[in-house]
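Beneath this line is the structure, given in structure tokens, with notes to follow.
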């Protein structure tokens, strides 16, 4: 397979362009997914798509769901600690996240994004290492573009630490379970709970 180290470039660029050139959350998300799919076509990983729906031990699904959901729940109760920008609601409106688009955005993000990301980050670009892996850092890193100018620097550092852990944790779940279904469901719980928190706190 071609070098993993340049594979994240196109997805990173898609997120940057979506937020800072087009200023649209939907274009950012769809562009990000398109960039990942194009990168996968270039990489041609041997990993079968069926791995996304493979699990051998239900306990890993439960643990992954609990860890994923805890991220949004924690964000809800620690919202003031993270000091979100006072004009966050206005920023989200400028990104075309308004009462008529939030529901569709949350549904698509929660149901589709986890499977695409898990296949890419933990599957095609993953590692069976038990230690922290550079891919965990790269996975966490693009989220900085998402929250840039929305929270202070210390909140970004906390977020990065949490996401590096999440990347490492879901790799370990995949390694032990032999599939990506449990990580994808945990990722889904994280995405849904975080987006619902942002929605509830800004509408």
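In our numbering, the protein residues as written are 100 to 302. For each residue, glycine too, the CB sits at the ideal point set by N, CA and C.
Of the residues the options, the one placed nearest residue i, counting alpha carbons only
i: residue 143; options: 190, 193, 106; result: 106
i: residue 139; options: 201, 222, 125; result: 222
i: residue 152; options: 234, 238, 128, 217; result: 217
i: residue 208; options: 124, 108, 299, 110; result: 124
i: residue 270; options: 249, 259, 224; result: 224
i: residue 277; options: 196, 158, 183; result: 158
i: residue 164; options: 300, 189, 296, 282; result: 282
Coarse secondary structure for residue i, derived from DSSP in three states
i: residue 200; result: coil
i: residue 105; result: coil
i: residue 126; result: helix
i: residue 184; result: coil
i: residue 295; result: helix
i: residue 287; result: helix
Outcome for residue i when other beta-carbon atoms lying within 10 angstroms are tallied against a minimum of 16
i: residue 119; result: exposed
i: residue 233; result: exposed
i: residue 180; result: exposed
Distance between beta carbons of residue j and residue i, contact taken as under 8 Å
i: residue 160; j: residue 292; result: Contact flag wrong, Cβ pair sits at about 16 Å.
i: residue 298; j: residue 266; result: Not confirmed; about 25 Å, so no contact.
So, do the region 110-122 and the region 240-257 have three or more beta carbon pairs nearer to each other than 8 Å?
The region 110-122 and the region 240-257 touch, with no fewer than 3 CB-CB distances between them shorter than 8 Å.
Can we say the region 246-266 touches the region 126-135, given the rule of at least three CB pairs closer than 8 Å?
At 8 Å Cβ cutoff, the stretches do not touch.
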